[in-house]
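Positions 22 to 349 (the numbering used here) are the ones given, in order, by the sequence shown.
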Amino acid sequence: MGALLRQYSAGTALACEPVDQGLLNRGYRLCTTRGRYFLKHHFDPETADPAAIVRQHRATRRLADLGVPVAPPLTGRDGRTVAVVGGHAYALHPWIEGRHRHGGQLTTAQCGRLGALLGVVHASLERVMPTHARARTGPAASSDPADTFALIEDLLGRVRRHRPADSFDALARHRLLERRALLEQHAGRRPAHGGSVGWVHGDFHPFNLLYKGDAPAAIVDWDRLGVKPRAEEAVRAAAIFFVRPAGTLDLPKVRAYARAYRRAARAAPSTLAAAVHRVWWERLNDFWMLRWHYERGDTRADPQFPAASALAVWWTRHYDAVCDAFSD
């Protein structure tokens, strides 16, 4: 710790407490003789490459210059923002006071402000990020239901073998069988290809946005910064912010959010409607939470599974209403 703090001239550590929300990397609230900081340990293999971290840092600095609420990292004495200590990559950020808020805690007007914020992020990334990377990235293929059927069978086998059986196993089995039936019914609705791509945050959800009072204070955790379909990020974020515990979406809030996003990002209603279809299909074929649970033995995402798995079913039954909320 001392060697790391010396690189940033950040004083002597007084207290260091882990921050629990992250699924990809480790974060710590650090108090020193010179102030309070957020210390980020980049350890996830997919996002810990120092060159990728530097790209994220450069992007947040440029976004801050445009007035986007972000928390750029501090620069070390060597002029770098990434410190490699003992083979591990770290970055030191200013500590931002604030709290996370999900859609149920936002007014309709604040939902519009949230959508506008993401639209500004996408428009601003277009200004500050290189265009050649976008040109090299084509739309991704959608999930093949044949692969999903095979995955469902594998997961059902893992559920059956899990001992001692518990309530999570029972819910997992129910949702897997339910999803298989839905896929059999809707297999012909597979999207042909992804939408047009651009630079995106990559992981825009309540735990990566801090509020101070009623206003967004900082968008954090840019580990997934990359070139992907922008409208799909807007839909995907709404499905996380506005999902209720029972697995339904608050459609009036979604509508306010989506209208503001379209204005800020200059996205056509048809673009959002197409993104709704692709994200719905993605949700119908996605089992990452169950794979973490049964393949990795990682249960950190388990609390999200009841609502997320119910949402895929509800979304299918209310497809037209969801599409209208995003494109109206």
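Positions of the beta carbon are idealized from the N, C-alpha and C atoms, including for glycine.
Just so we're clear, the structure is a prediction, and the values are computed from it rather than from any experiment.
Inter-stretch contact at 8 Å, needing at least 3 Cβ pairs: the segment 215-226 / the segment 176-196: Too few Cβ pairs lie closer than 8 Å, so no.
Contact under 7 Å by Cβ, Leu-332 with Gly-234: No. Outside cutoff.
Separation of Arg-283 from Pro-290, as counted between CA atoms: About 7 Å.
Supposed close pair Cys-132, Lys-249 - CB separation, criterion 8 Å: Wrong, their Cβ atoms sit about 23 Å apart, outside the cutoff.
Assigned exposure category for Ser-330 - 16 Cβ within 10 Å defines buried: That one is buried.
Which of helix, strand or coil DSSP assigns to Pro-212: DSSP places Pro-212 in coil when its eight states are reduced to three.
Proximity to Pro-324 [Cα-Cα], best of Leu-172, Ala-193 and Thr-169: Out of Leu-172, Ala-193 and Thr-169, the CA that lies nearest to the CA of Pro-324 is found in Ala-193.
Beta-carbon contacts of Gly-215 that lie in its chain and below 6 Å, excluding the five residues immediately before and after: Answer for Gly-215: Pro-160, Ala-161 and Pro-250, listed in chain order.
Length-filtered (3 minimum) beta strand (DSSP E) runs lying within the segment 106-159: Taken in chain order, the whole beta strand (DSSP E) runs of length 3 or more contained in the segment 106-159 are 109-115.
Buried versus exposed, by CB contacts within 10 Å (16 or more), Gln-206: Exposed: under 16 other Cβ atoms inside 10 Å.
Option in Phe-326, Thr-152 and Tyr-278 with minimal Cα separation from Met-310: When only C-alpha atoms are compared, the closest one is Phe-326.
DSSP-derived helix/strand/coil call for His-314: Helix, per DSSP.
Distance, Val-89 Cα to Tyr-232 Cα: In a straight line, the C-alpha of Tyr-232 is about 13 Å away from that of Val-89.
Alpha-carbon spacing of Ala-116 relative to Arg-196, whole angstroms: Residue identity differs from the one stated: residue 116 is Trp in this sequence, not Ala. Using only the alpha carbons, I get a separation of about 40 Å.
Cross-strand partners of Cys-37 (DSSP beta bridge): Cys-37 pairs with Leu-51.
Rounded separation between Arg-57 and Leu-95 - CA only: For Arg-57 and Leu-95, the gap between their C-alpha atoms comes out near 12 Å.
Ala-104 beta carbon less than 7 Å from that of His-63: No; because the gap between Cβ atoms is not below 7 Å, this pair is not in contact.
For Tyr-58, the residue or residues it bridges with in DSSP: In DSSP, Tyr-58 forms a bridge with Leu-51 and Pro-115.
The segment 313-321 contacting the segment 236-248, beta-carbon criterion three pairs below 8 Å: In short, these stretches do not touch, since the Cβ pair count stays below three.
Continuous alpha helix (DSSP H) stretch holding Val-297: start and end: Here the alpha helix (DSSP H) through Val-297 covers 290-306.
Backbone secondary structure at Leu-246 - three-state DSSP: In the structure shown, Leu-246 falls within a coil segment according to DSSP collapsed to helix, strand and coil.
For His-78, the three-state DSSP class (helix, strand or coil): Helix.
Spatial neighbours of Thr-81 in its chain, beta-carbon cut-off 8 Å, leaving aside the 5 residues before and after: Within the same chain, Thr-81 has close Cβ partners Val-91, Ala-92, Pro-93, Pro-94 and Trp-243.
Beta-carbon proximity check, Arg-299 vs Glu-253, cutoff 7 Å: A Cβ-Cβ contact shorter than 7 Å links Arg-299 with Glu-253.
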